[in-house]
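Colleague:
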Amino acid sequence: MYHPSKLAVGADFYCFKHKIEPNWEDPVCVNGGKWIVCFPEGKSGKSDTSWLKTLLAMIGGQLDHGDEICGAAVSVRRKQERIALWTKNASNEAAQLSIGKQWKEFLNYNGPIGFIFHDDAKKLKRSAKKRYKMHDLLQEMGYSIVSEESENPRKRSRLVDPEDIYHVLKKRKGTKAVKGIYLDMSESMEMQLKSDAFTGMRCLEFLIIKGNLSKVQLPYRGLEFQYAGIFPLG
């Protein structure tokens, strides 16, 4: 196996699934994107370890949505080394966020990581913006909002501000726009939520609560428990 630290500056090395070419024009990759982690100069040891872990995760099927993964690439540049995890369907936000969160945790990578659509990279080159991001601040949530959102909380895809969450849930204002809610109880007032608080929120996928759960009363029905504090809605 090639280690990034042993590759020459300017080199790119790929490990892709059978019959998938490591280029944007490949039919499997054309609508995809890539998660990227960066290691600055002098951190080559960490990139070697992360590259090995990435290959083991892919080959061993240790990442959910493994069928979404095309392969991995490592790029060695003068000031940094980058590892990218390529995926098939960039617009499948839930799958990409799940992959990114798991990969970040699997690598034990402390810095932020970002996801770039291949279509953006083709059109905008180096000015392409990261559509999805993961920061340490919101690591438990697994995502942050990248694109501009509406001033109306009911029209946002993600709710983070406790006051906005209060108005949407407490006042039972149904919405089809909200897909995820991250509620930090250290910044929130006490809430008692009944089942009808989620009426009309047909697109809600995740309700993530951080902190003291005794401050919020959740409905006993309608929530499928995955692990403490994180509730995927079915």
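Just so you know, the sequence shown maps onto residues 63 to 296 in my numbering.
Ideal Cβ positions, reconstructed from N, Cα and C, are used throughout, including at glycine.
Quantities reported herein were computed from a predicted structural model and do not represent experimental measurements.
1) Anyone know if the C-beta pair for Ala152 and Asn93 falls short of 8 angstroms?
2) Can you tell which of Lys238, Gly262, His180, Phe268 has its C-alpha closest to the C-alpha of Val222?
3) Kindly say whether Arg216, judged by its beta-carbon, lies nearer than 8 angstroms to any beta-carbon of chain B.
4) Does DSSP put Val230 in a helix, a strand or coil?
5) If contacts are defined as beta-carbon pairs under 8 angstroms, then Phe179 and Gly162 qualify, I think. What distance do you get, rounded to the angstrom?
6) In the DSSP output, which residue or residues are listed as bridge partners for Lys96?
7) Rounded C-beta distance between Ser112 and Tyr76? I'm assuming under 8 angstroms.
8) Given Gln142, which residues of its chain have a CB within under 7 angstroms of its CB, disregarding the five upstream and five downstream residues?
9) Nearest by alpha-carbon distance to Met263: which of Ile270, Leu245, Leu231 is it?
10) In the DSSP output, which residue or residues are listed as bridge partners for Phe101?
11) Would Arg220 and Lys238 qualify as a contact pair, given that the criterion is a beta-carbon distance under 8 angstroms?
12) Provide the residue span of the beta strand (DSSP E) that contains Ile82, from first to last.
13) Just to check my reading of the structure: Val71 and Val138 have Cβ atoms closer than 8 angstroms, yes? What is that Cβ distance to the nearest angstrom?
14) Is the CB-CB distance between Ile98 and Ala146 below 8 angstroms?
15) Leaving out the 5 sequence neighbours to the left and right, which residues in its chain are closer than 7 angstroms to Lys108 when beta-carbon positions are compared?
16) Kindly indicate the opening and closing residues of the alpha helix (DSSP H) around Gly133.
17) Quick check on Cys265: buried or exposed, where buried means 16 or more other Cβ atoms within 10 Å of its Cβ?
18) Using the DSSP secondary-structure output, state which residues sit across from Ile243 in a beta bridge.
Modeller: Working from what's here:
1) In contact: Ala152 and Asn93 (Cβ atoms closer than 8 angstroms).
2) Minimum Cα distance to Val222 is reached at Phe268.
3) The question asks about chain B, but that chain is absent: this structure has only one protein chain.
4) Here DSSP, grouped into helix, strand and coil, assigns Val230 to helix.
5) The pair is not a contact, with the Cβ atoms about 13 angstroms apart (cut-off 8 angstroms).
6) Residue pairing from DSSP places Lys96 in a beta bridge opposite Trp148, Ile178.
7) About 16 angstroms separates the two Cβ atoms, so there is no contact after all.
8) Cβ neighbours of Gln142 within its own chain (closer than 7 angstroms, five residues either side excluded): Cys100, Phe101, Pro102, Glu103.
9) Checked all of Ile270, Leu245, Leu231; the closest Cα to Met263 is Leu231.
10) Residue pairing of Phe101 in beta bridges, as defined by DSSP: Glu143.
11) Remark: C-beta atoms of Arg220 and Lys238 do not approach each other more closely than 8 angstroms.
12) Neither: Ile82 is in no beta strand (DSSP E) and is coded neither H nor E.
13) About 6 angstroms separates the two Cβ atoms, so the contact holds.
14) Yes, the Cβ-Cβ distance between Ile98 and Ala146 is below 8 angstroms.
15) Sequence-distant partners of Lys108 (beyond 5 residues in either direction) whose C-beta falls short of 7 angstroms from its own C-beta, in its chain, are Phe101.
16) Taken as a continuous stretch (DSSP letters only), Gly133 belongs to no alpha helix (DSSP H), being part of the beta strand (DSSP E) at 131 to 138.
17) Under this definition Cys265 is an exposed residue.
18) BP columns for Ile243 point to Leu221, Leu269.
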